[in-house]
Structures are given as structure tokens and as C-alpha cells.
Amino acid sequence: MNGRTLSVLSVVNLSPASKSLLEAALCKHYSATVSIQRVTPLEGGLTNRCLRIDDSQGGRFVWRPQSQVSDAFAISRSREAAAQSLAATYQLASAPVCQLSEGLLVPWVEGESLDPHSAESQAILIDLLVRIHSMEGRLDAQDVRTQCQHYEQQLTLAKQQTLKKLRDRRQWQLPTDPLAPVVCHMDLGSYNLVIQPNGEPCVLDWEYARLGSACLDIALFCRANGYTPAQVVSDYCALRCIEDSAPVRQAVEAWLPFADYLALCWYEVGATLYGLSTYQEQAQRLYRQLAGMDES
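All residue numbers for the sequence shown refer to this note's numbering, where the first residue is -3 and numbers rise by one.
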């Protein structure tokens, strides 16, 4: 077997060593003695498996560990910290507390999740997508093709061969983008957004953020939220004052098969890591769609 063998993982726990490191970081943060009072596994994240930390000062934080899971998904907490720190300067995210070799500590954000079915949710998310793409800063430009290859390498040889046959059969070409590279979130959706008590949105989970293709990010955004590319591109271009939206729409639509393949590989890794049927069902659905066996 040439593919890596990944063990099935359970909910992450906070080791005594990590607890000591975090308490030291919190003491520095508060400039006072502090202890961790409660550790709560967070639900809902597919790759994060993070922990909420409640401390003796009444503060709440989220611990995002660097682990076998984050390595399998090609997540770098240092890259995530850089992206979230940049977003914080634009009032789009909370600033990280500290980044350690063991992981990233960020503030717990109070507020309500954005209702994806609300009338204003699409407009709110597209506006945030444009604001993210308008940020100026230096981030790593990780190639998404390299990311796909990394995912494939986590799988069994048989699974790798199945995916290769799919790629060879479809032979989709990556488009030439009409827009300059921008800061991309790569996973923006209502599930990664909190509306704070003051009414301001706070974007979460910057682990996939990078400098990259705006059109790929729009394609991923459409797939993640179930939006029609034509309407999203029209609104996006209007907000960015792009007069001719046709080339952008063409590029976004050309990116969609790759976006689906990236998601397919992601779910295959998730199925291998966690052994949950949800991941495998999503992977099978995307495989059928890409293979032309499913019109949805």
C-alpha cells in the first residue's frame, strides 16, 4: 500500500502538557495568574475538532490544535493565524491570542449564527466575500492542486487509482482567471459566521485561507452555500465595480468541477479519519456527479 494509513480518530482531548502551555499563554494574555476551569469539545466542525476553554478570569477561548487531523487536511495553524490576524485588522475576525507549535488559541465569539434561510443571508455573505477579497496583506499562496495531491496521498492505493481514473476520464482544465489573485477564505458560509451582539459579523475558521484565485473562491462559496453562480457573480462584480462580469462568470463555472473534486478528496480523507458514514455518502455523491452518473 502506497497511501498513508490513517487511524480512525475520536474527539480531541487537552493533554496535561497542552493545558500547562495554554495556562502560561493566558497568564501572559491577562498579565495575571489564571487557570483553565473547563474544557468542552465543540460540535459542528468537520475538520476542526476544537475545544472551548473557560478560564478562571471568566474568559472563553477556542483551542485549535495542530494534530494528525490538521496535518491530513493540509492545515497550518501558523498560516491560519496570519490570515486571521490580517482579517482582524479589517474588523472581519477576532485577533488570535497566541500561536504555539501545538496549535492556535483564538477568542470565543459571542453572538448568533447567521440563518442561511433568511432573506438577507446571501447579500451578507457576498458582501463579506468581497470585503475579504479586498484585504491587502501578505499570505502564502498555496497551490490548490498541491492541496488535492496531498489529500490523495492520505488515501489507500486503491482509492488513489479510482480517483486517477476519474481525472483521466474527465480531463477538466483549470481556467485562466480574469481577476488578480486575492486573499481567499476558501470556506465562507453561514456556518462560519457569527453575528455579534453589536450587529457586526465575525468570520470564523481561517484554516484554509490563502492568496489565490478569486474565481475559485467564488466557486467554492457557491457550492458551500448552494447558490447559483450567475446571481453571485452579478452581485459580486457590482460590489467590486467590475463592469464586465461575463469573463468572471465563465471562470467561476469552469472552476466548479475542480471545486467538486477538491471537496470529493476532502470527504474521502474525512471518511478515512473518522469512519463516519456522512463523509462517505458525500464523497460518493460527488464522485457520481463528477463521473456523469448523477445530474444533481
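Don't be surprised by glycine CBs; every beta carbon is placed ideally from N, CA and C. This one's a predicted model, so the numbers in the text were calculated from it and none came from an experiment.
Query raised in the report: Do you know offhand how far V58's Cα is from Y232's?
Result: 32 Å
Query raised in the report: Do you know offhand how far Q87's Cα is from L162's?
Result: 42 Å
Query - Host beta strand (DSSP E) of T158 (start-end) - result: Looking at the DSSP string, T158 is not in any beta strand (DSSP E); the run it does join, the alpha helix (DSSP H), is L153 to R166.
Query raised in the report: Going by alpha carbons, who is nearest to A247 out of L216, L235 and E264?
Result: L216
Requested in this report: Check L212 in the structure and name its three-state DSSP category.
Outcome: helix
Query - Where the beta strand (DSSP E) containing P61 begins and where it ends - result: R56 to P61
Query raised in the report: Going along the chain, which unbroken runs of the alpha helix (DSSP H) with 4 or more residues stay wholly within the segment 81 to 140?
Result: 117 to 129
Query - Through-space distance from E106 to N194, alpha-carbon basis - result: 10 Å
Query raised in the report: Grouping DSSP H, G and I as helix and E and B as strand, with all else coil, what is P243?
Result: helix
Report task. Below 8 Å on the Cβ atoms is my guess for R30 versus Q53; work out the distance and round it to an integer in Å. Result -> Just to set this straight, residue 30 is Val in the shown sequence, not Arg. With a Cβ gap of about 5 Å, V30 and Q53 count as contacting.
Requested in this report: Please classify Q276: does DSSP put it in a helix, a strand, or coil?
Outcome: helix
Query - C-alpha distance - T158 paired with Q280, whole-angstrom precision - result: 12 Å
Query - Sufficient close CB pairs (3 or more, under 8 Å) joining the segment 222 to 229 to the segment 196 to 207 - result: no
Query raised in the report: Once you ignore the five residues that flank R56 on each side, which residues in its own chain have a CB closer than 6 Å to its CB?
Result: D50 and W104
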